[in-house]
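First comes the structure, then the notes that go with it.
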Amino acid sequence: MVGPTLQSVARLRTEEPAVPAGIAGRAAVLGVVAMVLSAIGSWIPSLWGDEGTSVMSAQRSIPSLLRMLGNVDAVHGLYYGGLHAWVDVFGASPFSVRFPSAIAVGLLTAAVVLIVHELRDDRLAVVAGIVCAVLPRVTYMGEEARSYAFSAAIAAWAAWVLVRILTGRSDGKRWWWAYTGLLALGIWTFMFSVLLLAVHATVVLASRPGRAVLRRWALAAGTAVVLASPVIVFGLLERGQVAFLAHRTTITFKSLTVGLWFTSVPFALLAWALILIAVLAAAVPAVRAWAGRTQSDAVRTTGPTAIAAPMVTPTTTRTGPSLVLLGAAWLVLPTTILVLASAVHPMFSGRYMSYSAPAAAILMACGIAWLAERVRRPTVISAVAVVVVLIAAAPVWASQRTPYAKNNSDWAEISATIGARAVPGDAIVFDESARPSQRPRLAEHTYPEGFRNVRDVTLQIPYARSTTWRDTAMTPARAAALGRFAGVDRVWLVEYATPTHTDTYGMEDLEDLGFRPGVEVRTHRSVIREYVRS
């Protein structure tokens, strides 16, 4: 026998490291850089409604959390459970509860580097990693105590495993199991990750890998859906939770082209220019090649060799998927499906598309690569383009790390104000007429330090004993009838406010109880009023 057998070649290939040391090191470094970029300043913005839900859910006991998940938010149960374990060890400060998302961003960025390395080259992989690390959607979800960064990281690693399989570099059973597990984990983390199956199906079919791989992929995808079926069922049963999106979410051209991944118009213009360059640079040659093959087929079937043509079996080179196709499908398909589905039942929110942010970074990097390849000094052009991206991203990154960056929430300011003015024996009443996610009461649970001297006299059912994620409160009049104001000489009333309107939820009740207004402090989105017994 001359030369190695197919079995020995396969054995040697499986013994090769999955990732060469050089690119693994670059991926790790860029992952750490991305993590640090997301973590810096993450303690500055006040926690807001969705994050309040995360923090309060994580601070429940396990039995209390399970009771809540049986009624609401089951689709976030895995994240809440993980955050519960984290908070038990590291506490529930804003930095602490947000730092896991920064870690997830680091893992996401490393996966992007590896994906691009598999399908193109190391230089482009590094460019993609840098762009990913500073992409506005990435730096936003990297400082938010929600599951979006984790869903994006899992999506990226699942894509990397699939790419390894389709390129033939890793085709053993353990890789298929890894792919299945990541898909299932992604759906458990965020239910709409199931839409990635449309992306992967497109990439697999375009790669023409052969029937065996198609069967294995279909089996893996089906198994993942079955494994994640409990969270899908709960999500469908609890779909009423997102009914508010019909009134609060407006799907517009700007919200789709700017808001999803880029935040600012200048960055969006730059990003879409690079993305269009990448897509056109890949699409034009592909269309020309298809047209050439079509014309060639027509000649063979009508010319002198038409009789022999059916005997000719064209050869197909099976290589890995197109990087641009992967990025374009990943960017467009989940968004399109969810927007169309929202016409039937409201379910679209811009943050739901966070797991497509890696695709935007990949396509932007491909656009930079195309520009660089047109000149004699591609490294210089790549560096200049990356610097331009960094400059465009810097103002967005900075704006995300201001005190009121999260939905204008000012809960930290409320806590600081009450803490500086209240004395032991004071009572506090919160506005209960605002949206649940905007109610000032949430400041008491997310920034508890400032409320140690006050009694929450209108609290009826604490959230930890409730089957919902929040407290249940009574009116001041009802609380007074139960004797809650006995011995209270001063009350702090916290009302939700905007620049043009201030709620008046508890004012009349307190005045009827014999309290008169005193000092008034206006914060960013609240008015704190002192009421003293007359």
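Per our numbering, the sequence shown starts with residue 575, numbered consecutively.
Backbone N, C-alpha and C define an ideal beta-carbon position, used for all residues, glycine too.
How far does the beta strand (DSSP E) with Pro1091 in it reach, from first residue to last?
Against the sequence shown, residue 1091 aligns to sequence position 517. Its beta strand (DSSP E) spans residues Phe1089 to Arg1096.
Do Leu779 and Ile911 count as a contact pair if the criterion is CB distance below 8 Å?
The residue you call residue 911 lines up with position 337 of the sequence shown. The residue you call residue 779 lines up with position 205 of the sequence shown. For Ile911 and Leu779, no; Cβs fall outside 8 Å.
Given this structure, state the Cα-to-Cα distance separating Ser1007 from Arg1099, to the nearest angstrom.
On the sequence shown, residue 1007 is found 433 positions in, with the first residue counted as 1. On the sequence shown, residue 1099 is found 525 positions in, with the first residue counted as 1. A straight-line Cα-Cα distance of about 14 Å links Ser1007 and Arg1099.
Where does Ile704 land, buried or exposed, given buried means 16+ other C-beta within 10 angstroms?
The residue labelled residue 704 in the question sits at position 130 within the sequence shown. So Ile704 ends up on the buried side.
Please state whether the Cβ-Cβ distance between Pro1109 and Trp617 is less than 8 Å.
Missing from the structure shown is residue 1109; the chain here goes from 575 to 1108 and no further.
If I'm right that Pro1014 touches Ile988 with Cβ under 8 Å, what's the distance once you round it to whole angstroms?
Numbered from its first residue, the sequence shown carries residue 1014 at position 440. Numbered from its first residue, the sequence shown carries residue 988 at position 414. Going by Cβ atoms, the distance from Pro1014 to Ile988 rounds to 6 Å, so yes, they are a contact pair.
Classify Tyr1037 as helix, strand or coil using the three-state DSSP reduction.
Position 463 of the sequence shown, counted from the start, is the residue given in the question as residue 1037. In this structure, Tyr1037 counts as helix in the three-state DSSP scheme.
Less than 8 Å between the C-beta atoms of Leu639 and Tyr654, yes or no?
Residue 639 sits at position 65 when you count from the first residue of the sequence shown. Residue 654 sits at position 80 when you count from the first residue of the sequence shown. Contact flag set, yes.
Taking the alpha-carbon of Val970 as reference, which of Pro840, Pro998 and Ala847 has the nearest alpha-carbon?
Start at 1 with the first residue of the sequence shown, and residue 970 comes out as number 396. Taking only the C-alpha atoms, the option nearest Val970 is Pro840.
If Trp749 sits next to Ala855, beta carbons under 8 Å apart, how far is it from one beta carbon to the other, in whole angstroms?
Here residue 749 is taken as the residue at index 175 of the sequence shown, counted from 1. Here residue 855 is taken as the residue at index 281 of the sequence shown, counted from 1. That belief does not hold up - the Cβ atoms of Trp749 and Ala855 are roughly 31 Å apart, past 8 Å.
State the start and end residues of the unbroken beta strand (DSSP E) segment that holds Asp1030.
Along the sequence shown, read from residue 1 onward, the residue named residue 1030 stands at position 456. Segment Val1028 to Asp1030, the beta strand (DSSP E) holding Asp1030.
Using DSSP with H/G/I as helix, E/B as strand and the rest coil, what is Ile825?
If you number the sequence shown from 1, residue 825 lands on position 251. Coil at Ile825, not helix or strand.
Do you know offhand how far Pro578's Cα is from Ala707's?
Walking along the sequence shown from the start, residue 578 turns up at place 4. Walking along the sequence shown from the start, residue 707 turns up at place 133. For Pro578, the predicted model reports a pLDDT of 41, less than 50, meaning its position is unreliable; a value from the coordinates is still stated below. If I take the Cα positions, the gap works out to 43 Å.
Based on the DSSP output, what are the partners of Ala1047 in its beta bridges?
Position 473 of the sequence shown, counted from the start, is the residue given in the question as residue 1047. DSSP output for Ala1047 lists Leu1033 as bridge partner(s).
Given 8 Å as the limit, is there contact between the stretch 984 to 1002 and the stretch 1094 to 1108, that is, 3 or more CB pairs closer than that?
yes
Kindly indicate which three-state DSSP category Val671 falls into: helix, strand or coil?
The count along the sequence shown starts at 1 and reaches residue 671 at position 97. Correct three-state label for Val671: helix.
Helix, strand or coil for Trp617? Go by DSSP, reduced to three states.
For this step, residue 617 is matched to residue 43 along the sequence shown. Looking at Trp617 - three-state DSSP - the assignment turns out to be coil, as it is neither helix nor strand.
For the beta strand (DSSP E) containing Leu834, name the first residue and the last one.
Translated into positions along the sequence shown, residue 834 becomes position 260. From DSSP, Leu834 is part of no beta strand (DSSP E); its letter is neither H nor E.
Shortest alpha-carbon distance to Ala608 belongs to which of Ala685, Pro637 and Ala595?
For the purposes of this step, residue 608 is taken as residue 34 along the sequence shown, with counting starting at 1. Selected option, being the one with the closest Cα: Ala685.
Compute the distance between the beta-carbons of Val1064 and Asp1000, then report whether it is under 8 Å.
Position 490 of the sequence shown holds residue 1064. Position 426 of the sequence shown holds residue 1000. Note that residue 1064 corresponds to Arg in the displayed sequence, not to Val. Yes. Within cutoff.
Residues in its own chain within less than 7 Å of Asp1030 by CB, not counting five upstream and five downstream?
The residue given as residue 1030 occupies position 456 in the sequence shown. Ile1002 and Glu1018, listed in sequence order.
Could you tell me the distance, in whole angstroms, from the CA atom of Thr1046 to the CA atom of Thr831?
Locating residue 1046 in the sequence shown gives position 472, where the first residue counts as 1. Locating residue 831 in the sequence shown gives position 257, where the first residue counts as 1. Straight-line measurement puts the Cα of Thr831 at about 39 Å from the Cα of Thr1046.
With H, G and I counted as helix, E and B as strand and the rest as coil, what does DSSP make of Thr1076?
Your numbering for residue 1076 matches position 502 in the sequence shown. Correct three-state label for Thr1076: strand.
What are the start and end residues of the alpha helix (DSSP H) that includes Ala758?
Within the sequence shown, numbered from 1, the residue matching residue 758 stands at position 184. It spans Lys747 to Thr763 - the alpha helix (DSSP H) in which Ala758 sits, taken as one unbroken run.
Quick one: is Phe922 buried, meaning 16 or more other Cβ sit within 10 Å of its Cβ, or exposed?
One-based indexing of the sequence shown puts residue 922 at position 348. By the neighbour-count rule (16 or more Cβ atoms within 10 Å), Phe922 is buried.
Here's the rule I'm using: 16 or more other beta-carbon atoms within 10 Å means buried, otherwise exposed. How should Ala872 be labelled?
What you label residue 872 is simply residue 298 of the sequence shown in a count that begins at 1. Confidence is the limiting factor: at Ala872 the pLDDT is only 49, short of 50, which leaves the residue's position unreliable, though a coordinate-based value still follows. So Ala872 ends up on the exposed side.
Can you say whether Asp1005 is buried or exposed, counting buried as having 16 or more other CB atoms within 10 angstroms of its CB?
Within the sequence shown, numbered from 1, the residue matching residue 1005 stands at position 431. With 16 or more Cβ atoms within 10 Å of its Cβ, Asp1005 is classed as buried.
In this structure, does DSSP put Val839 in helix, strand or coil?
As a first step, residue 839 must be located in the sequence shown, where it is residue number 265. Three-state result, Val839: helix.
Here's the rule I'm using: 16 or more other beta-carbon atoms within 10 Å means buried, otherwise exposed. How should Arg862 be labelled?
Along the sequence shown, one-based indexing puts residue 862 at 288. Exposed, by the Cβ-count rule.
If you pair each beta-carbon of the stretch 729 to 743 with each one of the stretch 694 to 703, do three or more pairs fall below 8 Å?
no
For Arg1103, which beta-bridge partners are listed by DSSP?
Translated into positions along the sequence shown, residue 1103 becomes position 529. According to DSSP, which records beta bridges pairwise, Arg1103 is partnered with Leu1067 and Glu1094.
From the DSSP output, read off the bridge partner residues of Val712.
For the purposes of this step, residue 712 is identified with residue 138 of the sequence shown, where counting begins at 1. The partner list for Val712 (beta bridge, DSSP) is empty, contrary to what the question assumes.
In three-state DSSP terms, what is Val646?
As a working mapping, residue 646 is identified with position 72 in the sequence shown. Coil at Val646, not helix or strand.
Cutting at 6 Å between CB atoms, please list the residues of its own chain near Ala946, excluding the five before and the five after it.
Here the question's residue 946 lines up with position 372 in the sequence shown. Here the set comprises Pro952, Ile955 and Ser956.
Val1003 bridges to which residues according to DSSP?
Along the sequence shown, one-based indexing puts residue 1003 at 429. Looking at the DSSP assignment, Val1003 forms a beta bridge with Leu1067.
What number of angstroms, rounded off, separates the C-alpha of Ala602 from the C-alpha of Ser744?
To locate residue 602, count along the sequence shown from 1; it is residue 28. To locate residue 744, count along the sequence shown from 1; it is residue 170. Looking at the two C-alpha atoms, the distance is approximately 21 Å.
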